[in-house]
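First residue of the sequence shown: 1, per the working numbering; consecutive thereafter. Okay, so here's the structure we're looking at.
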Amino acid sequence: MKEEINKIIRHIYNVKGTDLNIFEPSFLRERIKKRMGNTSTLNFENYLGLLKTDSQEADRLVDLLFIKHSQFFRNSLTFEILENIVLPQIVNDKINRKEKHIRIWSAGCADGQEPYSLAMLINEVCLSEKYEFVVDIFGTDLSRAALQCAKKGWYFSENMDHVKYFYLNKYFIKKQDRFEICKQIKDLVNFSLYDLLEKKTIAPPACIYAGFDLIMCGNLLMYYNETTQKFILNKLYRALDNRSWLVVGESEASAVKNFGHFNTFNRAGRIYSKD
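Following this line, the structure appears as structure tokens:
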């Protein structure tokens, strides 16, 4: 099986230039099997044959590997800590240093729920202070389709399960069968295409410069092998300002621990600090 998968990896690299070796092996195998099921392919050898005869199948497989599921306020504990401790601390630090800019990066933002969730929270925290802030939130992803959805800011009822009524009533506009993010929140978020594995930069070009106060990178690291995880974490570490924060997903605490350069602020919420 390993050799058959390696043949698929080599074929994808030859036709797409995408190195599937970056992925965690069991995740890659599961995704290939999913495409085999969708195409009624009986084994890896036959699936390789399909890849060679149907050029679009390579695109479908690669797209499936990079798809990231997103929710508003995913993991309630994490967002409670962000709302009540982390974001107020960022704001207070800015006031004490007489700085106005707050910069946040949602890396792997999918359809935009995460950066919009952060925009709602930081807007409330900033409103509570008699101080003028400039808030820049950047959402990046590899999927053009996901970014198009994010920029529209349209979501259906099934996407709103974790949104508190206060935020739903204040920051969403109900339009027939969907909810639309209000302009005030949309204007806080800039969406752009960016590959975290790009080696020449430590931050998306749309951000102009790094120096982030908070980076969210949840449920993305777990899909990659250890070498790739360390590469991404090193990039995020370099992109963060001093006295800043990193949030990762439920299954990614071990990757941050192995990286070794972040301080654990809240283990259950997977929230880390950079001093």
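Quick reminder that beta carbons are idealized off the backbone N, C-alpha and C, glycines included.
Nearest C-alpha to valine 247 among Leu77, Leu168, Asp141 and Glu45: Leu77. Taking leucine 121 as reference, the option from Val135, Asn38 and Phe156 with the minimal CA-CA separation is Val135.
In the three-state reduction of the DSSP assignment, glycine 139 falls in the strand class. For arginine 270, there is no enclosing beta strand (DSSP E), as DSSP marks it with neither H nor E. Under the 10 Å beta carbon count, asparagine 6 is surrounded by fewer than 16 other beta carbons and is classified as exposed.
In this structure glutamate 252 is buried. Its beta-carbon is surrounded by 16 or more other beta-carbon atoms within 10 angstroms. In the structure shown, asparagine 242 adopts extended strand secondary structure according to DSSP, grouped into three states.
Looking from the CA of aspartate 54, the closest CA among Phe172, Ser254, Gln71 and Arg35 belongs to Arg35. DSSP lists no bridge partner for phenylalanine 133. Residue state for aspartate 213 is assigned as strand, using DSSP reduced to three classes. In terms of Cα proximity to asparagine 266, the closest of Ser128, Ala210, Val86 and Glu132 is Val86. If you draw a straight line from the Cα of leucine 233 to the Cα of threonine 39, it is about 36 Å long. The shortest CA-to-CA distance from asparagine 263 to any of Gly249, Glu250 and Trp245 is the one to Trp245.
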